[in-house]
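In what follows, a structure is listed as structure tokens, so that the remarks can point back to it.
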Amino acid sequence: MKKYLAIWCISLICLISSNYSWAQEWPKERPIKIIVPQAAGGTNDIVTRLIALELSKSLGQSIIVENRPGASGAIGMQVAASSTPDGYTFAVASDSIAIMSATKESLPWRLGRDLIGVSLLGDQPIGIAVSSQTPYQTLQDLINAAKNKPDSLSYGTSGQGTNQHYIGEWLAKSGNFKWLHVPYKGGGQAIIDLTGGTTPAAVLGFAPLLSQQKKGGIRILAITSAQRNVSAPTVPTLSELGFKDIVINQWVGIVSPKNLPPPILNKMSKEIGLILEKPEIKAKLLDIGLTAKSMSASEFEIFLKASIQRWSELNKALQIPID
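Our numbering puts the first residue of the sequence shown at 1013, with every later residue one more than the last.
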């Protein structure tokens, strides 16, 4: 018995030493890759590139941001989930990814099972916006137009089954109108078509919408947060406009393939937390509509489970088709 106990202790010490050594060397071996499961130009892409630039400085290693759009983010997340957990591949998750984990049993991966939390980055409202080429000045104008010609008015989102799709359909159900959903492979192309007038309306993350409103290409008619956003104080909330139940913030965070060595997981989480505490980073994120919020790896893991549970309950209540 003592012999086996000694062997177990030696094995444990070797494992701890190996992990410690690995963490000490990481990330000297090669550049780190962060997969964004949406096209370039959307909220997740903008935020990731800002954080990646700071991480490259603090870690002393290049950070490559790789866009892998498709299937509302499922393709990029599958690539991340099947990657070696060596600290050189991470991915960006959002509540749209949590929705998939909550509602699609056929997925070969799951948040919390195949992909573990590293750190939250921040959150933002979801915005309902229209092209400046349209005549709609208020949300009620938009709703009235949709009611006059059901399914003739279209709205774009970053993908089928995303949180934005949920909000769009939830709004239509609550407002007793119908409009046509146009899913894109990410917010970037949706924004391009919105500003160009190809798509008259969109339900997207607040950050890219705010940027385009400042340029005059679109009008944000409402947002989904509980309070107005300081970056656009004249834009009302859906709650103010009578849709009191639609209060949801869109979050974004970093995840890793499961079994990432704890020393590397904790180091990455700590570095991200330090970056998010920088006043200039908070200001840059706030300027695009995102509120910086960090969490430890363990805190973010609890957050992910709660998010998945919430979307599971909402899916059952609304019965919105997302496949």
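Ideal Cβ placement from N, Cα and C applies to all residues, glycine included.
The three-state reading of DSSP puts Leu1127 in strand, counting E and B together.
Assignment of Val1091 by DSSP, reduced to helix, strand and coil, places it in the helix class. In this structure, Gly1085 places its C-beta atom within 8 Å of the C-beta atom of Ser1108.
Note that the C-beta distance between Lys1270 and Asp1126 is below 8 Å. When the beta-carbon positions are compared, Thr1303 and Gln1136 come within less than 8 Å of each other. Excluding five sequence positions before and after Glu1066, the CB atoms of its chain that fall closer than 8 Å to its own CB belong to Ile1287, Lys1290, Ile1293, given in chain order. Taken through DSSP and simplified to helix, strand or coil, Ser1144 comes out as coil. Assignment of Val1259 by DSSP, reduced to helix, strand and coil, places it in the coil class.
Secondary structure note for Thr1207: its alpha helix (DSSP H) is the uninterrupted segment 1199-1208. Note on Pro1274: under 16 other CB atoms within 10 angstroms of its CB, so exposed under the neighbour-count rule.
Here the C-alpha atom of Ala1105 lies approximately 35 Å from the C-alpha atom of Lys1159. With contacts defined as CB atoms closer than 8 Å, Gly1198 and Ser1170 qualify as a contacting pair. Non-local beta-carbon contacts of Ala1064 in its own chain, meaning distances under 7 Å to residues more than five positions away in sequence, involve Ile1046, Ile1075, Val1077 in chain order. For the 8 Å CB-CB criterion, Gly1301 and Ala1219 form a contact.
Close CB contacts of Glu1313 within its chain, under the 8 Å cut and outside five residues either way in sequence, are with Gly1124, Ile1128, Gly1129 (chain order). Under the three-state reduction of DSSP output, Thr1246 falls in the coil class, being neither helix nor strand. Ile1179 is positioned such that its CB atom lies no closer than 8 Å to that of Ile1235. Between the region 1093-1104 and the region 1254-1271, the count of C-beta pairs closer than 8 Å reaches three or more; the two stretches touch. In this model, Gly1072 and Lys1296 are separated by some 22 Å (Cα to Cα). In the DSSP assignment, Leu1154 falls within the alpha helix (DSSP H) that extends over 1151-1160. Rounded to the nearest whole angstrom, the CA to CA distance from Ile1111 to Gly1265 is 14 Å.
Collapsing the DSSP output to three states places Gln1073 in coil.
Across the set Gln1201, Ile1260, Leu1216, the C-alpha of Leu1216 shows the shortest separation from the C-alpha of Arg1231.
Annotation: the continuous alpha helix (DSSP H) that includes Pro1220 extends over 1218-1227.
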